[in-house]
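2 protein chains.
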Amino acid sequence: MTYQELPRSEAVLEFEKVKKEYEQLCEKGLSLDLSRGKPGKEQLDMVSPILRALEDTDEFISEVGLDVRNYGGLDGIPEMKRIFADLFGLPEKNIIIGGNSSLNLMYDTITRAMMFGVPGSVRPWRKQEKIKFLAPSPGYDRHFIVCETLGVELIPVNMTPTGPDMDQVEALVSVDESIKGIWCIPKYSNPDGYTYSDETVDRLANMHTAAPDFRIFWDNAYGVHDFDQNDHDELKDIFSACKEAGNENRILYFASTSKMTFPGAGVAMMAMWDDNLKQAKKLLGAQTIGFDKVNQLRHVRFFKNAANVHQLMEKHAQILRPRFELVMKKLAEGLGGTGCADWTKPKGGYFVSLYTMDGCAENVYQLCKTAGVKLTEAGGAFPYGHNPRDNHLRLAPTYPSLSDLSDALDCLVLCVKYACLNKILNG
Amino acid sequence: MTYQELPRSEAVLEFEKVKKEYEQLCEKGLSLDLSRGKPGKEQLDMVSPILRALEDTDEFISEVGLDVRNYGGLDGIPEMKRIFADLFGLPEKNIIIGGNSSLNLMYDTITRAMMFGVPGSVRPWRKQEKIKFLAPSPGYDRHFIVCETLGVELIPVNMTPTGPDMDQVEALVSVDESIKGIWCIPKYSNPDGYTYSDETVDRLANMHTAAPDFRIFWDNAYGVHDFDQNDHDELKDIFSACKEAGNENRILYFASTSKMTFPGAGVAMMAMWDDNLKQAKKLLGAQTIGFDKVNQLRHVRFFKNAANVHQLMEKHAQILRPRFELVMKKLAEGLGGTGCADWTKPKGGYFVSLYTMDGCAENVYQLCKTAGVKLTEAGGAFPYGHNPRDNHLRLAPTYPSLSDLSDALDCLVLCVKYACLNKILNG
Numbered sequence: 198m199t200y201q202e203l204p205r206s207e208a209v210l211e212f213e214k215v216k217k218e219y220e221q222l223c224e225k226g227l228s229l230d231l232s233r234g235k236p237g238k239e240q241l242d243m244v245s246p247i248l249r250a251l252e253d254t255d256e257f258i259s260e261v262g263l264d265v266r267n268y269g270g271l272d273g274i275p276e277m278k279r280i281f282a283d284l285f286g287l288p289e290k291n292i293i294i295g296g297n298s299s300l301n302l303m304y305d306t307i308t309r310a311m312m313f314g315v316p317g318s319v320r321p322w323r324k325q326e327k328i329k330f331l332a333p334s335p336g337y338d339r340h341f342i343v344c345e346t347l348g349v350e351l352i353p354v355n356m357t358p359t360g361p362d363m364d365q366v367e368a369l370v371s372v373d374e375s376i377k378g379i380w381c382i383p384k385y386s387n388p389d390g391y392t393y394s395d396e397t398v399d400r401l402a403n404m405h406t407a408a409p410d411f412r413i414f415w416d417n418a419y420g421v422h423d424f425d426q427n428d429h430d431e432l433k434d435i436f437s438a439c440k441e442a443g444n445e446n447r448i449l450y451f452a453s454t455s456k457m458t459f460p461g462a463g464v465a466m467m468a469m470w471d472d473n474l475k476q477a478k479k480l481l482g483a484q485t486i487g488f489d490k491v492n493q494l495r496h497v498r499f500f501k502n503a504a505n506v507h508q509l510m511e512k513h514a515q516i517l518r519p520r521f522e523l524v525m526k527k528l529a530e531g532l533g534g535t536g537c538a539d540w541t542k543p544k545g546g547y548f549v550s551l552y553t554m555d556g557c558a559e560n561v562y563q564l565c566k567t568a569g570v571k572l573t574e575a576g577g578a579f580p581y582g583h584n585p586r587d588n589h590l591r592l593a594p595t596y597p598s599l600s601d602l603s604d605a606l607d608c609l610v611l612c613v614k615y616a617c618l619n620k621i622l623n624g
Numbered sequence: 198m199t200y201q202e203l204p205r206s207e208a209v210l211e212f213e214k215v216k217k218e219y220e221q222l223c224e225k226g227l228s229l230d231l232s233r234g235k236p237g238k239e240q241l242d243m244v245s246p247i248l249r250a251l252e253d254t255d256e257f258i259s260e261v262g263l264d265v266r267n268y269g270g271l272d273g274i275p276e277m278k279r280i281f282a283d284l285f286g287l288p289e290k291n292i293i294i295g296g297n298s299s300l301n302l303m304y305d306t307i308t309r310a311m312m313f314g315v316p317g318s319v320r321p322w323r324k325q326e327k328i329k330f331l332a333p334s335p336g337y338d339r340h341f342i343v344c345e346t347l348g349v350e351l352i353p354v355n356m357t358p359t360g361p362d363m364d365q366v367e368a369l370v371s372v373d374e375s376i377k378g379i380w381c382i383p384k385y386s387n388p389d390g391y392t393y394s395d396e397t398v399d400r401l402a403n404m405h406t407a408a409p410d411f412r413i414f415w416d417n418a419y420g421v422h423d424f425d426q427n428d429h430d431e432l433k434d435i436f437s438a439c440k441e442a443g444n445e446n447r448i449l450y451f452a453s454t455s456k457m458t459f460p461g462a463g464v465a466m467m468a469m470w471d472d473n474l475k476q477a478k479k480l481l482g483a484q485t486i487g488f489d490k491v492n493q494l495r496h497v498r499f500f501k502n503a504a505n506v507h508q509l510m511e512k513h514a515q516i517l518r519p520r521f522e523l524v525m526k527k528l529a530e531g532l533g534g535t536g537c538a539d540w541t542k543p544k545g546g547y548f549v550s551l552y553t554m555d556g557c558a559e560n561v562y563q564l565c566k567t568a569g570v571k572l573t574e575a576g577g578a579f580p581y582g583h584n585p586r587d588n589h590l591r592l593a594p595t596y597p598s599l600s601d602l603s604d605a606l607d608c609l610v611l612c613v614k615y616a617c618l619n620k621i622l623n624g
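The listed protein sequences correspond, in order, to chains A and B. Everything in the first sequence is counted per the working numbering, starting at 198 for the first residue and increasing by one. Everything in the second sequence is counted per the working numbering, starting at 198 for the first residue and increasing by one.
Pasting the structure below:
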């Protein structure tokens, strides 16, 4: 029997019990954090031998004859491009290697579009009355903040287990010329852990857009971040799909090694077909002489090839799997059958979405905070930080130790029950 | 007797002699390069032990408790700030550490001003009819290209041995509200190797500007790059001078370790007073989660402190000094007293300016190119690549070996004589 189905007297008793447990928990003075989507120390230590992958006795000449320590090589060394090309099935020549941050590449790409437009633009985006992006929601707050900062209006569309609600997307982009882009984390999405279906990929690649300069920001942040290499999601190749659909300028593809090596010192990349590439390289050439090629070569020496990257990701998975299994176990044991909440069951990535009864998420966030467990803010995964249904929390189980994670989840479960019963009883 | 003073018959004889020598030189099939302002292999090898300064057995926690391998630390680790602060006499708290490229920080700073304005702006620069920057000329081509790319008009002002012609600068900025900035390489300027006098620094800090949001882009690229630590130029502290003058928002200070460690993988910084700092940090926070802190800590471990940086720069100087001495010797022996050219005699930095008779520089460039010696394009150091007097060539003697440099200079001397005599005889 779910909480909603309980007779009121039983619900009151249950609420009293939960409340008492919560009060006892608060006295423990926990200090735990489920908010941060970043690798834990064990993962970082595991990849730290990369720091010995390039030493002063090494050879510093890239296969194109460039000394990586010196100036030059605007778009990166081919060895590094090749590894990304092999990992994501992209043409090597269409890749630009950046610095340590793919978010920075995305921000700069939109800034360039604002200043100069993109191939197909009638004028620079900043000279148009309004620029809008579709924001599949819940989504990645930093994507949304880029738009909010640069004055791009966000239009929420619903996220589903197969990707953004494509009926909504197509209806919007087909009539509104001011919609210039859509944010996508296509595999193990942040925060749901959903992977776009083949149909979604095809519809994105083929849909009619009123804007002649519409762009898909394809942030494949978790493209090789499976928990189990024998049981993982498959993502259709949108880069080819766009070309085949005759919409090759539409796709801007981003990725990085942030969660393969170091979040703070990885290597980012973007890929795009020729027209976009030509413009990006020209403008990048005014912005910098080149990104850090020493770190690129360090990654190449460490990875050697894409097959080794997959092996490395399996080692990451061995560290991450028990954490996500614990989340599934605790949520099922604690909330299964209560009707308080549902949650996603991703096969990779860094997050789990917890969907509470409508109108409860903010309260859960506050209850956890009071008890000493920090969550990502309720609404944080929605444009402008606002979720009209107030029913979503993003769980990030990768950073804490298993024991801390266990305590944090116990607290979370209790707070969800608390908020849910409170809502049922007191509205 | 200078070439200009020679009787025509003697000039003709001399020209025949030079021409013959040049033709013989061309047959040698040289392939040399004086165009690249970058360190040579010997310098890069000397600093390559930095690659062992941070290994996987090391401690990765910055003094603020941050694991440098992970996310966080938008404005850099304090240890790295402190070294820059000590090197340049800047307040540590006003420094932001960037990625590997100070040019990138400058480009992004102007882009932010275009998009959002700066403290003091009435509106974003892009919403003003015209934005102009003063370009002390000759100057650094990449500075100029940033402006040309972003649609900022460049107004040339004359460079003098004490810095930009301040009478010109003051006259321009005091009346034209659309002039929003000036490019400065204040110590061992690119390409002249001049250092701004105290008076120039004071006038820049104190001058009245019609624009309420005028900015000095102070690119102190060669601030510690003396050839001789006992005989070097001194640069007055403009950061304090601006504050004392009540113009603290005016100064944007840039530097990097590009020519201390690796041009391709150094650490860049910018410093600004509080209003600018607050805005920059806020907008940077949308652009990236943070720059490469592993490379910052690697530099901290390698440098340890500012005193060690000065010792390292003395080692660089030992490699560079003979090259610049050779330039001085070859130019004096080859061109002294001919009236063909004059040149600067810097005490540090990476460049020498060669000033030919008016109308000869382009011809020298072409003659050298034909003979197999690549120079920076004549006009390259001027806005829009155009020097109305056609009298300037930038010499970059740091990259070639001493023996290659010697051959290249012999060729250059001959080509200067050739072009000069040709001009005298044939106009």
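Idealized CB from N, CA, C, for every residue including glycine.
Same chain, Cβ closer than 8 angstroms to residue i, five either side skipped, listed in chain order
i              : result
residue 478(A) : 271, 272 and 293
residue 370(B) : 331, 376, 379, 404, 405, 406, 407, 408 and 411
residue 493(A) : 265, 273, 274, 276, 277, 294 and 464
residue 432(A) : 383, 384, 392, 393, 398, 417 and 420
Burial state of residue i (16 or more Cβ within 10 Å)
i              : result
residue 505(B) : exposed
residue 519(A) : exposed
residue 583(B) : exposed
residue 622(B) : exposed
residue 210(B) : exposed
residue 423(A) : buried
residue 461(B) : buried
residue 296(A) : buried
residue 508(B) : exposed
Where residue i meets chain A, residues with beta-carbon distance less than 7 angstroms
i              : result
residue 461(B) : 265, 266, 267, 268, 487, 489, 490 and 491
residue 241(B) : 264, 266 and 267
C-alpha distance - residue i paired with residue j, whole-angstrom precision
i              : j              : result
residue 351(B) : residue 448(B) : 19 angstroms
residue 476(B) : residue 312(B) : 12 angstroms
residue 425(A) : residue 514(A) : 7 angstroms
residue 541(B) : residue 588(B) : 13 angstroms
residue 436(A) : residue 364(A) : 22 angstroms
residue 300(A) : residue 308(A) : 12 angstroms
residue 231(B) : residue 608(B) : 11 angstroms
residue 439(A) : residue 226(A) : 53 angstroms
residue 336(A) : residue 386(A) : 8 angstroms
residue 581(A) : residue 339(A) : 11 angstroms
residue 142(B) : residue 383(A) : A query on residue 142(B) cannot be resolved here, the shown segment of chain B reaching from 198 to 624 and no further.
residue 652(B) : residue 537(B) : There is simply no residue 652(B) to check, as chain B begins at 198 and stops at 624 in what is shown.
Cross-chain neighbours of residue i in chain A, by beta carbon under 9 angstroms
i              : result
residue 296(B) : 296, 297, 298, 301, 485, 488 and 489
residue 342(B) : 482 and 483
Own chain residues within Cβ distance below 7 angstroms of residue i, not counting five before or after
i              : result
residue 487(B) : 268, 269, 270 and 271
residue 320(B) : 314
residue 611(A) : 215, 218, 219 and 222
residue 282(B) : 288, 289 and 292
Close-in-space but distant-in-sequence residues of the same chain around residue i (CB under 6 angstroms, 5 per side omitted)
i              : result
residue 458(A) : 244 and 247
residue 391(A) : 358
residue 606(A) : 527
residue 259(B) : 265 and 274
residue 560(B) : 616
Beta-carbon neighbours of residue i, restricted to chain B and to distances below 7 angstroms
i              : result
residue 252(A) : 248 and 249
residue 323(A) : 323
Item checked: Contact the stretch 247-260 of chain A vs the stretch 491-505 of chain A: 3+ CB pairs below 8 angstroms -> yes
Check: Should the stretch 371-383 of chain A be called in touch with the stretch 404-412 of chain A, which here means at least 3 C-beta pairs below 8 angstroms?
Finding: yes
Notebook entry, point to check: Pairing CB atoms from the stretch 589-608 of chain B with CB atoms from the stretch 228-236 of chain B, are three or more of them under 8 angstroms?
Noted result: yes
Note to self: So, does the stretch 612-620 of chain A touch the stretch 554-565 of chain A, judging by three or more C-beta pairs under 8 angstroms?
What the structure shows: yes
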